[in-house]
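**Q** Mind looking over this structure? Questions follow.
Residue numbers (our numbering): 116 to 267.
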């Protein structure tokens, strides 16, 4: 077989026309089986690599909280925050399904179930049920209605 410059074509085809590449790659040039195997190995490796984690920082001017967040390759997000008004730290873990748990600025553990909208703070006893406007919260046995502490 002669090398008429067509050996480079399968590499262009894989980028632009994968079907034509797989159908014609083995017929194009003398070393095409080796190149095809190498290219296939590169493609399989490239598409099997895990998604890289993402992270960032932010600041909420209203509350005075600065925070750092990190999302791992499975979709779980961890947030570490600092309240500049009180000088205290807090953290939260957000699961891919929306469930959350963490520690408030007084180091009280809390959890939130995204399916039911149920929130419970194990240190203060505050608990809330529901979502949006119909969310009802109790704190120390006292109902906090719409606009109350638990609905902000």
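The C-beta atom is built at its ideal place from N, Cα and C for all residues, glycine as well.
Here the structure is a predicted model, which means the values were calculated and not measured.
By a C-beta neighbour count over all protein chains shown, 10 Å radius and 16 as the cutoff for buried, is residue 219 buried or exposed?
**A** Burial call: buried.
**Q** For residue 199, which residues of its own chain have a beta-carbon under 6 Å away from its beta-carbon, when the five flanking residues on both sides are left out?
**A** Same-chain partners within the cutoff: 179.
**Q** Mind checking residue 275: buried by the 16 CB within 10 Å criterion, or exposed?
**A** Any property of residue 275 remains undetermined from this structure, which presents the chain solely from 116 to 267.
**Q** According to DSSP, is residue 248 helix, strand or coil?
**A** Three-state result, residue 248: helix.
**Q** In the structure shown, what three-state DSSP assignment does residue 186 receive?
**A** Looking at residue 186 - three-state DSSP - the assignment turns out to be strand.
**Q** Which same chain residues, not among the five before or five after residue 172, have their C-beta less than 8 Å away from its C-beta?
**A** Only 181, 182, 183 and 184 meet the Cβ criterion.
**Q** Quick one: what does DSSP say residue 226 is sitting in, helix, strand or coil?
**A** Strand, per DSSP.
**Q** Give the single residue among 222, 206, 233 and 194 whose Cα lies nearest to the Cα of residue 247.
**A** Ranking 222, 206, 233 and 194 by Cα distance to residue 247 puts 233 first.
**Q** Please tell me whether residue 194 and residue 213 are closer than 9 Å, where the distance is taken between their beta carbons.
**A** Not in contact: residue 194 and residue 213 (Cβ atoms no closer than 9 Å).
**Q** Output needed for residue 210: all residues of its chain with C-beta closer than 7 Å, excluding positions within five of it in sequence on either side, in chain order.
**A** Excluding positions up to five away in sequence, the list reads 191.
**Q** Excluding the 5 residues flanking residue 242 on each side, which residues of the same chain have their C-beta closer than 6 Å to its C-beta?
**A** Answer for residue 242: 235 and 253, listed in chain order.
**Q** Just tell me which of 205, 197 and 187 has its CA closest to the CA of residue 174.
**A** It is 197 whose Cα lies nearest to the Cα of residue 174.
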